[in-house]
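Notes to accompany the following structure.
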Amino acid sequence: MPFLYRLHSHHTLSVQHLRHALELIVTKHQSLRTSVIFHTETDRLLQRIIDMKDKNRQLLTFIESTYETQEQLNDIIHEEKYNPQLFDAAEGLVFRCHLVYHKRISSNHLLSDKDVVIFNFHHSVFDYPSMNIFLHDLDQAYTTGQLFYDDNTNLRYLDCKYN
């Protein structure tokens, strides 16, 4: 479930601040660090929240690439939208941030108005109404470098029963 964002003309975005903000968001929202495995013996889906204490565990896919033409950008967007191999739900990798730079990757680690940010979520952990919470938290975490916890704005992966 990809969401594409472009910066306004003459604005920049710090890649370092963005990465830190996304790490805060993944820490806050259990759904963005939940693994989903189909257990064949019981014929059920099993969910497990990834422990934040495991520092060697990757909880977010963060990649950078470039494009020169609109056709190349369209190909990247198509890949983000339709390639199920981009996620590993069994390992809890259900959230991606893809930075797509126009022509070359920035040496000063800033995104500019021709660059694109694609936030991509596995459909099992995210829906359209969740986007408002995500964007609110992204704004807060990027702007302040911290994120406040509130049970009303936590994206939780609710227990569900599959027949």
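Letter by letter, the sequence shown follows residues 151 to 313 of the working numbering.
Glycine included, each C-beta is placed from N, C-alpha and C at the ideal position.
Quick caveat: nothing in here was measured; it's all calculated off a predicted structure.
7 Å Cβ shell around residue i - same chain, five flanking residues per side excluded
i: Arg207; result: Ile200
i: Ile226; result: Ser215, Tyr217 and Val250
i: Tyr299; result: Lys178
One or two residues paired with residue i in a DSSP bridge
i: Thr184; result: Ile199
i: His160; result: According to DSSP, His160 bridges with nothing at all.
i: Ile213; result: His248
i: Arg194; result: His189
i: Val267; result: Tyr155 and Leu249
i: Asp238; result: Leu243
i: Leu261; result: Leu163
Integer-rounded CB distance, given that residue j should sit under 8 Å from residue i
i: Leu154; j: Leu260; result: With 8 Å as the limit, Leu154 and Leu260 do not qualify as a contact, their Cβ atoms being about 19 Å apart.
i: Lys253; j: Glu218; result: 6 Å
i: Val176; j: Leu182; result: 5 Å
i: Ile268; j: Thr216; result: That belief does not hold up - the Cβ atoms of Ile268 and Thr216 are roughly 13 Å apart, past 8 Å.
i: His160; j: Asp263; result: 7 Å
i: Leu297; j: Lys178; result: 5 Å
Top-ranked residue by Cα proximity to residue i, from the options
i: His158; options: Tyr278, Phe245, Asp265 and Asn282; result: Asp265
i: Gln180; options: His170, Arg198, Asp289 and Asp277; result: Arg198
i: Leu210; options: Ala171, Ile226 and His160; result: Ala171
i: Leu223; options: Arg156, Phe298 and Met151; result: Arg156
i: Cys247; options: Met202, Leu196 and Phe284; result: Phe284
i: Phe212; options: Phe245, Asn258, Pro234 and Ser280; result: Phe245
Cutoff 6 Å; reference residue i; Cβ partners in own chain excluding five residues on either side
i: Met151; result: Phe271, His273 and Phe276
Residues near residue i in its chain [Cβ-Cβ closer than 8 Å; skip 5 each side]
i: Glu106; result: The structure shown does not extend to residue 106, since the chain is modelled only from 151 through 313, so no value can be given for it.
Query raised in the report: If you pair each beta-carbon of the stretch 271–280 with each one of the stretch 293–300, do three or more pairs fall below 8 Å?
Result: Segments in contact, no.
Query raised in the report: Is it true that the stretch 186–201 meets the stretch 228–244, where meeting means three or more beta-carbon pairs spaced less than 8 Å apart?
Result: Yes: the two stretches touch, three or more of their Cβ pairs being nearer than 8 Å.
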